[in-house]
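Before any comments, here is the structure.
Protein chains: 2
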Amino acid sequence: MIDVKTLCLGVLSRGDASGYEIRKEFEEGPLSHFSDAGFGSIYPALKRLLDEGQIVMLPHNGDGRPDKKLYRITPAGRHALYQALIKTPSADKLRSDLMFILSFGHLLPPRHLDRIIGDRISDYRQMIATLEVEGSTAHRTPGERFVEGMGLAIYRAVAGYLEEHRHELVAAALMESQVA
Amino acid sequence: MIDVKTLCLGVLSRGDASGYEIRKEFEEGPLSHFSDAGFGSIYPALKRLLDEGQIVMLPHNGDGRPDKKLYRITPAGRHALYQALIKTPSADKLRSDLMFILSFGHLLPPRHLDRIIGDRISDYRQMIATLEVEGSTAHRTPGERFVEGMGLAIYRAVAGYLEEHRHELVAAALMESQVA
DNA sequence: AAGTGATGCATCGGATTGATATATAACATT
DNA sequence: AATGTTATATATCAATCCGATGCATCACTT
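For the record, the sequence lines run as chains L and Y. So for the first sequence, my numbering puts the first residue at 329; every next one is plus one. So for the second sequence, my numbering puts the first residue at 329; every next one is plus one.
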């Protein structure tokens with residue numbers, strides 16, 4: 329798995345940024361659908377990257393404000409990023425609490441099953457709507473468009489599957505609850 | 329996110345198992361598509377579950393063999409599992425090194441892009457074929473069938489998207505490499 | 001008889017997660 | 001004017017998790 333240092337280098341390869349701004353990339357930007365990193369891993373990562381000379385800190389303009397630290401990638405950093413990018417990528421992994429829960433559907437009240445599936449469908453429909461708007465307005469590189477399109481494709485597949493098979497699962501749970 | 333203790337309780341709720349067998353569930357079973365846990369987290373988790381009285385160790389039949397330890401869930405364990413299952417599930421998250429890499433496609437040789445995408449398509453097609461066979465033979469609860477079907481739906485969506493958009497991305501990278 | 005691979009337990013360092021703490025600025029609310 | 005809320009911004013910390021490694025036995029092949 330790609331580590332947080334590499335994730336940070338990736339963001340910085342697009343332009344200078346602070347730790348806070350890097351975080352936002354993983355929360356909102358195109359990368360957000362397939363990567364993740366919190367402050368607890370970003371700040372230590374930046375510290376290590378500094379030590380290794382892969383980034384430098386820009387002298388802050390003394391604007392006052394709570395000391396924003398801007399970082400810039402160095403040639404050494406670009407080289408390290410490239411080395412990480414050409415390594416064979418490890419397998420994709422989807423972690424889903426919902427799927428774990430549903431695989432034990434027989435232990436739960438049918439009404440509850442129906443509700444959590446319905447809620448999740450709404451979440452996905454919302455994300456899809458947001459992506460459809462952003463995708464047509466925001467400026468993106470071909471790579472970013474590709475990745476965003478993949479996110480959209482997956483969200484649509486999941487939402488569609490949940491909608492189509494929701495009733496099967498709830499019906500099976502209902503039958504079982506009547507036997508018991 | 330659901331922790332490894334709960335994942336273990338889930339597996340044990342279906343029947344007694346050893347740490348090794350629990351691991352196999354996450355590697356091969358229907359849960360494998362959406363959960364994950366290695367020995368380094370399973371063994372400590374089992375130890376804690378023992379301390380908390382949520383599982384017990386069965387007296388091993390002294391068969392010789394490298395000391396297989398069978399665990400069984402207790403009523404307290406089933407209760408803890410239930411409590412975990414009815415909590416609102418956190419959002420699904422797909423971690424994909426490939427997508428991170430592709431979003432920096434402009435930094436890589438077009439040939440390389442084409443190759444890693446092609447490789448990944450083969451991986452997915454292989455997984456889909458395996459799932460299609462298993463799905464029609466193995467015995468599954470409704471919940472397990474539902475989850476396995478979701479895995480299949482996602483894999484098909486990803487493989488399809490990669491196949492359909494592969495050339496766009498590679499073509500864009502080619503154009504850029506000619507400009508430079 | 002040697003090798004390979006599956007079964008099986010266990011540990012350990014390093015990395016990550018998730019929660020928490022602090023502080024300023026901008027904006028809206030009462 | 002005072003209060004509350006949200007966004008900006010850095011940082012730490014315990015609990016947990018990941019990945020690699022080590023050890024030993026059994027089954028099967030070559």
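All residues carry an ideal CB built from backbone N, CA and C; glycine is no exception.
Identify, in the order they occur along the chain, each residue of the same chain with its Cβ nearer than 6 Å to the Cβ of residue i, setting aside the five sequence neighbours on each side.
i	result
L:Tyr483	Tyr452, Met455, Ile456
Y:Leu441	Gly433, Val498, Ala501
L:Gly392	The pLDDT assigned to L:Gly392 is 48, lower than 50, so where the model puts this residue is not dependable; a value taken from the coordinates is nonetheless given after this. Cβ within range, chain order: n/a, list empty.
L:Ala466	none
Beta-carbon separation of residue i and residue j under 8 Å?
i	j	result
Y:Ile449	Y:Leu490	yes
L:Gly405	Y:Phe432	no
Y:Lys421	L:Arg351	no
L:Met385	Y:Asp425	no
L:Met427	Y:Met478	yes
L:Leu335	L:Arg400	no
Y:Val475	Y:Phe362	yes
L:Leu398	L:His388	yes
Y:Glu460	Y:Pro358	no
L:Ala485	Y:Ala481	yes
L:Lys396	L:Ser346	yes
Between which two residues does the beta strand (DSSP E) harbouring residue i extend?
i	result
Y:Lys396	Per DSSP, Y:Lys396 belongs to no beta strand (DSSP E) and is neither H nor E.
Bridge partners for residue i per DSSP, in chain order?
i	result
Y:Ile429	Note: Y:Ile429 sits in no beta bridge, so no partner.
Y:Lys421	L:Arg423
Y:Ile383	Y:Ile401
L:Ala345	L:Tyr399
Grab the span of the alpha helix (DSSP H) containing residue i for me, first residue to last.
i	result
Y:Met329	No alpha helix (DSSP H) contains Y:Met329, which DSSP labels as neither H nor E.
L:Thr465	438 to 465
Y:Ile414	No alpha helix (DSSP H) contains Y:Ile414, which DSSP labels as neither H nor E.
Y:Gly471	470 to 507
With a threshold of 8 Å on Cβ separation, who are the neighbours of residue i within its own chain once the five nearest residues in sequence on each side are excluded?
i	result
Y:Glu492	none
L:Glu496	none
Y:Arg494	Asp442, Ile445, Gly446, Ile449
Y:Arg376	Lys333
Y:Ser505	Pro437, Pro438
L:Gly366	Arg351
L:Tyr371	Gly347
L:Arg468	Pro358, Glu476
From the options, pick the residue whose C-alpha is nearest to that of residue i; which is it?
i	options	result
L:Asp344	L:Lys333, L:Ile383, L:Arg439	L:Ile383
L:Arg439	Y:Gly347, Y:Pro437, Y:Ile370, Y:Ile414	Y:Ile414
Y:Asp379	Y:Thr402, Y:Tyr348, Y:Val475, Y:Gly357	Y:Thr402
L:Lys333	L:Asp364, L:Ala466, L:Ala487	L:Asp364
L:Thr416	Y:Leu409, Y:Leu436, Y:Thr469, Y:Thr416	Y:Leu436
L:Ser369	L:Gln411, L:Gly357, L:Tyr348	L:Tyr348
Y:Gln411	Y:Asp331, Y:Gln506, Y:Val507, Y:Ser505	Y:Asp331
Ordered along the chain, which non-local residues of its own chain (more than five positions away) have a Cβ less than 7 Å from that of residue i?
i	result
L:Leu409	Thr334, Leu337, Gly338, Ser341
Y:Pro470	none
Y:Ser360	Phe354
Y:Ser418	Met329
L:His407	none
Y:Gly381	Thr402, Ala404
L:Val507	none
For the ligand MG, is there any heavy atom lying closer than 7 Å to the beta carbon of residue i?
i	result
L:Asp442	This structure lacks the ligand MG; in fact it carries no ligand of any kind.
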